[in-house]
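Trainee: In case it helps, the numbering used here puts the sequence shown at residues 169 to 317. Glycine residues also receive a C-beta, built at the ideal position from the N, C-alpha and C atoms. Small disclaimer: the values here were computed from a predicted structure and weren't measured. Provided herewith is a single structure, encoded as C-alpha cells, for subsequent inquiry.
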Amino acid sequence: MIDDEATNRSRGPRFEDGLEVRRNVMGDEYVVKAFAHAANTDSAALQDFVTDTVWGGVWTRPGLDHRSRSLLNLGILIALRAHEELAGHVRGALRNGLTRTEITETVIHTAGYCGAPAALAAMRVVQKVLDAELGPLVPEVDTNESKDR
169 MIDDEATNRS
179 RGPRFEDGLE
189 VRRNVMGDEY
199 VVKAFAHAAN
209 TDSAALQDFV
219 TDTVWGGVWT
229 RPGLDHRSRS
239 LLNLGILIAL
249 RAHEELAGHV
259 RGALRNGLTR
269 TEITETVIHT
279 AGYCGAPAAL
289 AAMRVVQKVL
299 DAELGPLVPE
309 VDTNESKDR
C-alpha cells in the first residue's frame, strides 16, 4: 500500500478519488510500485500531483468513460513517443475493455498521423504487453480455404 507517512504531505482534494481510479485502471501493483519507487525522493510530490490532478481531476470527469479515455491515451502516448508510459496504459486499456484488435488498430491509425517510425516503435511496446497479458496471437483458420485444398 501507499506509505502512511506519505499522507503527511500536502495532497489535493481529489487525491483519494484519483488513487481509486488509478488503481482500477493501472492495477494496484503498478500504483504501489510507482509510489514505492518515488518514496523519500523528489519524485514523491509528482506522484501525488499526478494522482490528484490527472487521475482525480481528469479521469473522474463526466463525458467520457474510462474505455474512451484509455483509447485517447494510447494515441497521445504514441504521438509523444512516451513508451515508458505506453506499456502501463496498454494494460489499462485492456482492463477498461479495449480488445487486442482495437489496440492494434489504434497503433496502425497513428501511423497515418504520427508517422510510421512512431507507430513501429509503439507496436514493439504494445506487442510485448499483448503477448504478456493475452498470450501470442493465434491466427484464425479459414475453414473455407481448408475445404478447398
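Which value, in whole angstroms, describes the spacing of the CA atoms of arginine 263 and proline 304?
Mentor: Distance between the alpha carbons of arginine 263 and proline 304 is about 18 Å.
Trainee: Relative to the C-alpha of glutamine 213, which candidate in Ala286, His277, Pro285 and Gly180 has its C-alpha closest?
Mentor: It is alanine, not glutamine, that sits at residue 213 in the sequence shown. Nearest C-alpha to alanine 213: Gly180.
Trainee: Would glycine 195 pass as a contact of arginine 237 if the rule is Cβ separation under 8 Å?
Mentor: no
Trainee: Quick one: which unbroken alpha helix (DSSP H) runs of 4-plus residues sit fully inside the segment 261-293? Chain order, please.
Mentor: 268-282
Trainee: Output the distance between the C-alpha atoms of valine 189 and leucine 298, rounded to the nearest integer angstrom.
Mentor: 22 Å
Trainee: Report the option in Asp216, Ala290, Ala207 and Gln215 whose CA atom is closest to the CA atom of glycine 136.
Mentor: The requested residue 136 does not occur in the structure, where the chain is confined to residues 169 to 317.
Trainee: So aspartate 185 and glycine 231 are supposed to be a Cβ contact under 8 Å. How far apart are they, rounded?
Mentor: At roughly 16 Å, the Cβ-Cβ gap does not stay under 8 Å, so aspartate 185 and glycine 231 are not in contact.
Trainee: Within the same chain, show all residues whose beta-carbon is closer than 8 Å to that of arginine 191, passing over the 5 residues directly before and after it, in chain order.
Mentor: Val199
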